[in-house]
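S.K.: Below is one structure. I have some questions about it.
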Amino acid sequence: MLPMARNNKLILFAMIIPLILTGLGIGGYILYQRIDSQQAKNSKELERFGYEMVGSSRSTETADDLGVSQLSSTFDQDKLTPTQKIIYGLNRDKDGLLAENKTLQTQIQELQAQVTELTKYKQLNEHFAPQQLKDELRSVEHQLKAYLIRSADAERFSTIQIEIMSAAGAAEYKAFITRNRLMLSEDKKQNLISNYLPAYAFCVGDGVEIAANSRSEERKLANFFRTEDTGSLTEALFQDLSSVLTPCQLSIREKLDNDKV
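Counted the way this note's numbering counts, the sequence shown spans residues 1034 to 1294.
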């Protein structure tokens, strides 16, 4: 009897185990389908929530104590899921950072403009530093003198008179850049030396022939144009020079202004 009972139990187990395995398989499949469906639903909710967060019509702009723009949402945060709250917080932080970045960019541009202005101011001051300006005027006088020596129209003037004319041209160049606070490029400087200063120099040369009565007075005039020191000039010589120099200065300055050099 015992062997038969044991066989019956084995047969019963053999019948029940497949049923149990089948049930577990079906249950697992159903559970998997539910989980997959829930995940898809969550994904769609997150996607829809993301689109809603992007829309600018769902929020209004305010400013915090530091003046940084912030967006206050119309969402009811109590109804948001934890994941949605995280996304909402990240978007809010992003908007705040964008506003801060915009403010910083504006401040950077303002600072860059100030740096540029200070750099120009520094360069201008360096340009008009005594030694640097002295070197530049010496260069202008040398170039103008070389131009006059090559000019056939200057053959009627003596060597000392050409020196006076060149020194006077350099002095007028100084007056021009000082009056307008200009740093001329090499091209503009050459334009001034070639197209404006020669006519002025000839005007001065013609006037010097009238104002100076001796070689000594001519040397004093050359020194005056280089140093602007009137101490070596007699009252009569200074008055004569002023009477012939003023028309020359008015002429070149009017031409420079009209040509907008």
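Every residue, glycine too, gets a C-beta built ideally from N, C-alpha and C.
1) State the DSSP-derived secondary structure class of Gly1088, mapped to helix, strand or coil.
2) What is the DSSP secondary structure of Arg1189, counted as helix, strand or coil?
3) What ranges does the alpha helix (DSSP H) occupy inside the segment 1191-1231, keeping only unbroken runs of at least 4 residues that lie completely in it?
4) Helix, strand or coil, according to DSSP, for Ala1244 in the structure here?
5) To the nearest angstrom, how far is the alpha carbon of Glu1174 from that of Ile1210?
6) Evaluate Met1034 with the Cβ neighbour count: other Cβ atoms within 10 Å of its Cβ, from every protein chain shown; 16 or more gives buried, anything less gives exposed.
7) Going by beta carbon distance, what residues of the same chain come within less than 8 Å of Ser1243, once the five residues before and after it are set aside?
8) Using only alpha-carbon positions, find the residue among Arg1259, Cys1281 and Leu1254 that is nearest to Glu1268.
9) With a cut-off of 8 Å on the beta carbons, I'd call Ser1199 and Lys1178 a contact; round off their distance for me.
10) Could you say which of Ala1203, Lys1135, Val1294 and Lys1112 lies nearest to Lys1221 if we only look at CA atoms?
M.R.: From the atom records:
1) Here residue 1088 refers to the residue found at position 55 when the sequence shown is read from its first residue. Its pLDDT being 48, under 50, Gly1088 is placed unreliably in this model, and the coordinates cannot settle the point.
2) As a working mapping, residue 1189 is identified with position 156 in the sequence shown. DSSP, reduced to helix, strand and coil, places Arg1189 outside both helices and strands of the structure shown, so it counts as coil.
3) 1192-1213 and 1219-1228
4) By one-based count along the sequence shown, residue 1244 stands at place 211. The answer is helix: DSSP assigns Ala1244 an H, G or I state.
5) Against the sequence shown, residue 1174 aligns to sequence position 141. Against the sequence shown, residue 1210 aligns to sequence position 177. Going by the C-alpha atoms only, they are around 15 Å apart.
6) In the sequence shown, counting from the first residue as 1, residue 1034 sits at position 1. Caution is warranted here: a pLDDT of 47 is assigned to Met1034, below 50, making its placement in the model unreliable, and the coordinate value is therefore given only provisionally. Met1034 is exposed by the Cβ-count criterion.
7) As a position in the sequence shown, residue 1243 is number 210, starting the count at 1. Sequence inspection shows Ile at residue 1243; the Ser mentioned does not correspond to that position. Taken in chain order, the residues that qualify are Asp1273 and Val1277.
8) Taking the sequence shown and counting its residues from 1, the one referred to as residue 1268 is at position 235. Minimum Cα distance to Glu1268 is reached at Leu1254.
9) Looking up residue 1199 in the sequence shown gives position 166. Looking up residue 1178 in the sequence shown gives position 145. With a Cβ gap of about 4 Å, Ser1199 and Lys1178 count as contacting.
10) Looking up residue 1221 in the sequence shown gives position 188. When Ala1203, Lys1135, Val1294 and Lys1112 are compared, the shortest CA-CA separation from Lys1221 is found for Val1294.
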